[in-house]
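Student: Here it is: the structure, laid out below.
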Amino acid sequence: MRDIVKKVERGERLTPEDALKLFESGDLLTLGELASKVNEAKNGDRVYYNVNRHINPTNICVNRCKFCAFSRSEGEEGAYLYTLEEVMERAAQASAQGATELHLVGGLHPTLSLDWYLEAIKKIKASYPKIHVKGFTAVEIDHFAKLSDTDVKDVLKKLMAAGLGSMPGGGAEILAEENRAKICPEKISGARWLEIMEVAHSLGLKTNSTMLYGHVESYADRVEHMRLLRELQDRTGGFQVFIPLAFQPTGSEIAKGAQTTGFDDLKVLSIARLFLDNFDHIKGYWVMLGEKIAQLSLAFGVDDLDGTVVEEKIAHDAGATSRASMSRERIEAMIIEAGKTPVERDSLYNVVGGSGI
Ligand code: V47
Ligand code: SF4
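For the sequence shown, position 188 (counting from the first letter as 1) is numbered 1394 according to our numbering, and the numbering increases by one without interruption.
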């Protein structure tokens, strides 16, 4: 640990072996202190949040990943597909609540065409031009391309022309193939996920990145996942943020009963901050961490708490016990209590408000 502390203090990049050692260490407080210093050098005492709303147009999905309790097959009880009007109702509510972002992701519907999604974005942007549409994981982009018999570059260009502003980081799961095949055999490969992100970055579209942890993956899988993200980020600089997603086990087919621990959550976040030296932001996603660990993560290298969210289905269908929605006031109070300065950001990390500015 002492050698790694010195390396970080000298500003040297950590190797995958260093990151593995950190995962194997029990010295959480030293990790947190180190991650905090690195974060403060990048972000000062600012903690970002976003006034946003999630919209999941459909839970019908042909993939049926083993960890996912949100998805349904067509015709199955609980399966749904919003009409464009239902999407617009949610967009209207978001706008009335002062949202600057709509987070639009859903299942891989077997027949819903790319045109439907283009129409949805165009309608949203026509009515609410100031709202940023952050939409569609790399997995959905690949699916749209297959359904429309075209390539991902073409799909992304059409979505951008319709008004897509950036892409969320979902679908990365665990990029290392052996365990990826165990948890989501139908999903695009890790290599394909990275390839699609690279195409997006080459078109000037910023994206987020995630890692689903706390199921069947090893420490080595986590390190390999972050190494692959760091390598792509070196080439493109297109990732805005890394978001570790704590596995929610209820109703999923794998790792029954597995629940991440607070210790492990904080380790993942602080090691991410140290290893991903080319990422500006590390997000503590309160929906999956729970509010208490999310707040604590602010002392472990995290500088972003995501947002107000409003209607969350993916984690809550899998048993998340956090609330579905968080008020701006509550997020700010959490940040202030942690001794930090709340800053409201837009989807591209431009400052738009917050009591801290
Ligand atoms: O891709 C699915 C994950 C992701 C479970 O980019 C699960 O700003 C935990 O990516 N337990 C969707 N996770 C959520 C996501 C996201 C969320 C918030 C912000 C951003 C962003 C992205 O949720 C899926 C999958 O990786 N997921 N099931 C589960 N049981
Ligand atoms: Fe479908 Fe995404 Fe759920 Fe996998 S995680 S089953 S791709 S909705």
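Ideal Cβ positions, reconstructed from N, Cα and C, are used throughout, including at glycine.
Smallest Cα separation from Met-1494: which of Phe-1453, Thr-1416, Ala-1505, Thr-1236?
Tutor: Phe-1453
Student: Which parts of the segment 1364-1430 are runs of the alpha helix (DSSP H), unbroken and 4 residues or longer, counting only runs that do not cross its ends?
Tutor: 1383-1389, 1396-1408
Student: Exposed or buried, which one is Arg-1208 when buried takes at least 16 other CB atoms within 10 Å?
Tutor: exposed
Student: To the nearest angstrom, report how far apart Glu-1291 and Glu-1218 are at their CA atoms.
Tutor: 52 angstroms
Student: Tell whether a beta-carbon distance below 9 angstroms holds between Met-1417 and Leu-1451.
Tutor: yes
Student: For the beta strand (DSSP E) containing Ala-1452, list its first residue and its last residue.
Tutor: 1445-1452
Student: Starting from Asp-1321, trace the alpha helix (DSSP H) in both directions and tell me its first and last residue.
Tutor: Per DSSP, Asp-1321 belongs to the alpha helix (DSSP H) from 1320-1333.
Student: Measuring CB to CB, does Asn-1249 end up less than 9 angstroms from Asp-1483?
Tutor: no
Student: Could you compute how far the alpha carbon of Ala-1285 sits from the alpha carbon of Pro-1391?
Tutor: 21 angstroms
Student: If you pair each beta-carbon of the segment 1304-1315 with each one of the segment 1337-1344, do three or more pairs fall below 8 angstroms?
Tutor: yes
Student: Apart from the five residues on each side of it in sequence, which residues of its chain come closer than 6 angstroms, Cβ to Cβ, to Leu-1435?
Tutor: Ser-1415
Student: For Arg-1270, collect the residues of the same chain with a Cβ closer than 8 angstroms to its Cβ; drop the 5 residues on either side in sequence, then sort them by chain order.
Tutor: Ser-1277, Ser-1279, Glu-1392
Student: By Cβ distance, which residues of its chain are closer than 8 angstroms to Asp-1348, with the 5 residues on each side in sequence left out?
Tutor: Val-1358, Ile-1394, Arg-1398, Ile-1402
Student: For the pair the segment 1244-1263 and the segment 1501-1515, tell me if three or more CB-CB distances fall below 8 angstroms.
Tutor: yes
Student: With respect to 8 angstroms, is the separation between the Cβ of Lys-1489 and the closest non-hydrogen atom of the ligand V47 below this value?
Tutor: yes
Student: Note down the Cα distance separating Leu-1365 from Gly-1562, rounded to an integer number of angstroms.
Tutor: Rounded to whole angstroms, Leu-1365 to Gly-1562 spans 35 angstroms at the Cα level.
Student: Indicate, with yes or no, if the ligand SF4 has a heavy atom lying under 8 angstroms from the CB of Leu-1314.
Tutor: Yes, the Cβ of Leu-1314 comes within 8 angstroms of a heavy atom of the ligand SF4.
Student: With a Cβ-Cβ cutoff of 9 angstroms, do Leu-1472 and Leu-1234 count as a contact?
Tutor: yes
Student: Please confirm if the segment 1473-1481 is in contact with the segment 1425-1441, defined as three or more CB-CB distances below 8 angstroms between the two stretches.
Tutor: Touching, per the Cβ criterion.
Student: When you compare the CB positions of Val-1345 and Gly-1369, do they come within less than 9 angstroms of one another, or not?
Tutor: no
Student: Rounded to a whole number of angstroms, what is the C-alpha to C-alpha distance between Cys-1274 and Thr-1514?
Tutor: 23 angstroms
Student: Report whether the distance from the Cβ of Met-1532 to the nearest heavy atom of the ligand V47 is below 8 angstroms.
Tutor: no
Student: Given a threshold of 16 other Cβ atoms within 10 Å of its Cβ, counted over all protein chains shown, does Gln-1446 qualify as buried or as exposed?
Tutor: Using a 10 angstroms sphere on the CB of Gln-1446, the tally of other CB atoms reaches 16 or more, which defines it as buried.
Student: On the DSSP bridge assignment, give the partners of Leu-1308 in chain order.
Tutor: Arg-1259, Val-1339
Student: I need the DSSP call for Gly-1559, collapsed to helix, strand or coil.
Tutor: In the structure shown, Gly-1559 sits in a strand (DSSP, three-state: E or B).
Student: Touch check for the segment 1543-1551 and the segment 1520-1529: three-plus C-beta pairs under 8 angstroms?
Tutor: No, the segment 1543-1551 does not touch the segment 1520-1529.
Student: CA-CA distance, Met-1532 and Gly-1463?
Tutor: 26 angstroms
Student: Whole angstroms are fine: how far does the CA of Tyr-1288 sit from the CA of Asp-1251?
Tutor: 41 angstroms
Student: Whose CA, out of Glu-1295, Lys-1213, Leu-1400, lies closest to the CA of Asp-1440?
Tutor: Leu-1400
Student: Since Gly-1468 and Ile-1499 should fall inside the 8 angstroms C-beta cutoff, what is the C-beta to C-beta distance between them, to a whole number of angstroms?
Tutor: 5 angstroms
Student: In the DSSP output, what is Arg-1551 paired with across the bridge?
Tutor: Val-1557
Student: To the nearest angstrom, how far is the alpha carbon of Pro-1263 from that of Leu-1502?
Tutor: 33 angstroms
Student: Take the Cβ of Arg-1534 as the centre, count every other Cβ of all protein chains shown within 10 Å, and call the residue buried at 16 or more, exposed below.
Tutor: Looking at its Cβ environment, which holds 16 or more other Cβ atoms inside 10 Å, Arg-1534 is buried.
Student: Considering only their Cβ atoms, is the gap separating Gly-1496 from Ser-1528 smaller than 9 angstroms?
Tutor: In this structure, Ser-1528 places its C-beta atom within 9 angstroms of the C-beta atom of Gly-1496.
Student: Could you check if Ser-1372 is buried or exposed, using at least 16 other CB atoms within 10 Å of its CB as the buried criterion?
Tutor: buried
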